[in-house]
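Report on the following structure.
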Amino acid sequence: MTAFIKALLFVVVAEMGDKTQLLAMAMAGKYKAKQVLTGVFIATIFNHALAVAVGNYLSSFIPMDTIKIIAGTSFLLFGLWTLRGDKIDEDDKKKSKFGPIVTVAIAFFIAEMGDKTQLMTIAISADYHQPLFVLMGTTTGMMISDGIGIIGGAWMCRHIPEKYIKWAAGLIFMFFGTLELYNLAPAFMKSPLYIISYFLINGLLIYLVGVKFTYHGEACVNTSEENENKSFPV
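Spelled out as structure tokens, the structure:
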């Protein structure tokens, strides 16, 4: 059950302001909410089942301590990735000749390939030997976060600046990544010198990724405005 809860919570945090959540908001402006959620569910099942299989395969021949170090490091990278931000490509917004559910499913499956939530699913699956609970957790997390994007996205974008959502999610990831690495670090690396150096390096990376070279797009704002001009399909 721990694997389920961890997978669910981390995916919900990861999806806040992510490309696929923005895509859910954009799709909700074209199709009914239940069609978008059905498409997201189908895409997530296939995409994350692949990620869980890869994670379990890796855990069969990589030592557990190494997996935990990789998982902790990956959480730091996910945090920086979140601070950097995502955008929806114009190709993601184009209409398809398929029906709404298939269109959403294909768009989300492609958008999730190599995305941080898929990579995180691989990391969590390798860390835990409970593939079913990890898949259930990540799928539930995707449905919750994208449901928020569809139903409450317009409100969030009007009342909460997108950068605050990104910073909150990114720093949560970096906190858990730091905690994981601290627990695995040898005693000599827990001295003040190493700890101060660690935070200085991370502080520099946060500044570069989250401030200097962050993505300043307005996908969230545009989507909100677009949805305000349309009746919300249910």
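Numbering follows the working numbering, in which position 142 of the sequence shown is assigned residue number 151; successive positions increment by one, without gaps.
All C-beta atoms in this analysis are idealised placements derived from N, C-alpha and C, irrespective of residue type, glycine included.
Minimum C-alpha distance to residue 110 - residue among 18, 52, 174, 127: Locating residue 110 in the sequence shown gives position 101, where the first residue counts as 1. Closest option to residue 110, Cα to Cα, is 52.
Straight-line gap, residue 191 to residue 157 (C-alpha atoms, nearest Å): On the sequence shown, position 182 is the one that residue 191 refers to. On the sequence shown, position 148 is the one that residue 157 refers to. Those two C-alpha atoms are separated by around 33 angstroms.
Where residue 198 falls: helix, strand or coil (DSSP): Indexing the sequence shown from 1 puts residue 198 at position 189. Helix at residue 198.
CA nearest to the CA of residue 13, picked from 36, 171, 151: The residue you call residue 13 lines up with position 4 of the sequence shown. When only C-alpha atoms are compared, the closest one is 151.
By Cβ distance, which residues of its chain are closer than 6 angstroms to residue 40, with the 5 residues on each side in sequence left out? As a first step, residue 40 must be located in the sequence shown, where it is residue number 31. Once the five neighbours on either side are set aside, the close Cβ partners of residue 40 are 109.
Would you report the Cα separation of residue 202 and residue 208, rounded to the nearest angstrom? Indexing the sequence shown from 1 puts residue 202 at position 193. Indexing the sequence shown from 1 puts residue 208 at position 199. Their backbone Cα atoms lie some 10 angstroms apart in a straight line.
In the DSSP assignment, find the alpha helix (DSSP H) that holds residue 122 and state where it starts and stops. Along the sequence shown, read from residue 1 onward, the residue named residue 122 stands at position 113. Looking at the DSSP string, residue 122 is not in any alpha helix (DSSP H), and its letter there is neither H nor E.
Terminal residues of the continuous alpha helix (DSSP H) containing residue 191? Here residue 191 corresponds to residue number 182 of the sequence shown, with the count starting at 1. From DSSP, the alpha helix (DSSP H) with residue 191 extends over 171-193.
Within a Cβ cutoff of 7 angstroms, which residues of the same chain sit near residue 33, ignoring the five residues on either side of it in sequence? Against the sequence shown, residue 33 aligns to sequence position 24. Excluding positions up to five away in sequence, the list reads 45, 49, 155, 158, 159.
Leaving aside the five residues before and after residue 102 along the sequence, list all residues of the same chain whose C-beta is less than 8 angstroms from its C-beta, in chain order. Your numbering for residue 102 matches position 93 in the sequence shown. With a pLDDT of 49 at residue 102, under the threshold of 50, the modelled position of this residue cannot be trusted, and the question is left open.
Evaluate contact between the region 63-83 and the region 207-221, counting only Cβ atoms and requiring at least three cross-stretch pairs below 8 angstroms. no
Residue 177 versus residue 55: straight-line alpha-carbon distance, rounded: Within the sequence shown, the letter at position 168 stands for residue 177. Within the sequence shown, the letter at position 46 stands for residue 55. Cα-Cα distance, rounded: 29 angstroms.
In terms of alpha-carbon separation, which member of 221, 200, 205, 179 lies closest to residue 85? Your numbering for residue 85 matches position 76 in the sequence shown. With distances taken between Cα atoms, residue 85 lies closest to 179.
Which residues mark the beginning and the end of the alpha helix (DSSP H) in which residue 140 is found? For the purposes of this step, residue 140 is taken as the residue at position 131 of the sequence shown. From DSSP, the alpha helix (DSSP H) with residue 140 extends over 140-156.
Let me know the beta strand (DSSP E) ranges lying completely inside the region 46-96, each 3 residues or longer, listed in chain order. none
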